[in-house]
Structure formats: structure tokens, C-alpha cells
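Visitor:
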């Protein structure tokens, strides 16, 4: 687990398999920062988000401050209705429920990536297509976000 006051920093790309029981093995490098209990939910862009419990609590406190608008309600319904607390078995596997498997169009081959404070679980095919389509914009986006002085 990350030291007190130190945020998790997930990074890397790991290719895994979804087994016939809907389980995915979390890479060893990511297990301790993820912790014993974590949250798994719908993500953006067609993936699944996995948050350490402490990070999830921070996110939820921010969501509670959002205005009660139609857009907020739509987002929170989609984001929270499929969220559940999860944990790993002794082999580091996590069960992914059927609605999340359908949301992310998961088949046998999956990719787990570290994205700062969370993990993302992608269908291998969708992840590869996402990379192809975003490749052209990568430098442009980096220039806008970091003004090239920081990279």
C-alpha cells in the first residue's frame, strides 16, 4: 500500500486474459498499491476503471460537490450504478461482473494499463484501435497540456 500521504502512481501496460469465470489477474506490480479492497466501475472511452479505496473516497467527495444538474445526474447514474467493491483472490484475480464485461466489450484478451491514480481494463482490440486513432494527436495534445516546456 502507498505510504500515508503518498498517492498511488499506476503506470505500464499489461496483457492478460479474461477466464471463463470472468476473472482477470491483476499484475503483481500493481497489487500492493491497489490494496485489499478497491472499486471497479464503468470507465470512459469504453474501458473499466479500477480505483484504490482511498482514491475512490476522494473522487466521491468531489462528486458530492457537483451541482444537481441533469448532466451530473446522467453521469453519476452511469458511473455509480455499476460500481462495486472488489478484492483479489490469493492468485491476484478479480471477478468482473457481466455488466462491466459488456460495457468494455471484453473478450478473452484484455489489457490493463496504469493511468496515474487508477487502473483501466480494456479489450485488447479496442485498446489497439484507440492507440492507432489517438497516435496522430498525441504530440498536439502534449503541446497543449504541457506547453512543451515540461516534457
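Numbering (this note's numbering), first residue to last: 2 to 152.
Ideal Cβ positions, reconstructed from N, Cα and C, are used throughout, including at glycine.
Predicted, not measured: the structure shown is a model, and the values here were computed from it.
For residue 64, is the classification buried or exposed, using 16 other Cβ atoms within 10 angstroms of its Cβ as the cut-off for buried?
Guide: Start at 1 with the first residue of the chain shown, and residue 64 comes out as number 63. So residue 64 counts as exposed.
Visitor: Please determine, among 114, 123, 55, the residue with the shortest C-alpha to C-alpha distance to residue 106.
Guide: As a working note, residue 106 is residue 105 in the chain shown. Per the Cα distances, 123.
Visitor: For residue 130, name the three-state secondary structure that DSSP assigns.
Guide: Residue 130 sits at position 129 when you count from the first residue of the chain shown. In the structure shown, residue 130 sits in a helix (DSSP, three-state: H, G or I).
Visitor: Give me the residue from 75, 35, 138 with the minimum Cα distance to residue 88.
Guide: Residue 88 sits at position 87 when you count from the first residue of the chain shown. Checked all of 75, 35, 138; the closest Cα to residue 88 is 35.
Visitor: DSSP has residue 135 in a bridge; who is on the other side?
Guide: Here residue 135 refers to the residue found at position 134 when the chain shown is read from its first residue. In DSSP, residue 135 forms no bridge with anything.
Visitor: In the DSSP output, what is residue 28 paired with across the bridge?
Guide: For this step, residue 28 is matched to residue 27 along the chain shown. DSSP output for residue 28 lists no bridge partner at all.
Visitor: Which of the three DSSP states, helix, strand or coil, is assigned to residue 17?
Guide: Counting from one through the chain shown, the residue named residue 17 turns up at place 16. Of the three classes helix, strand and coil, the one that applies to residue 17 here is strand, per DSSP.
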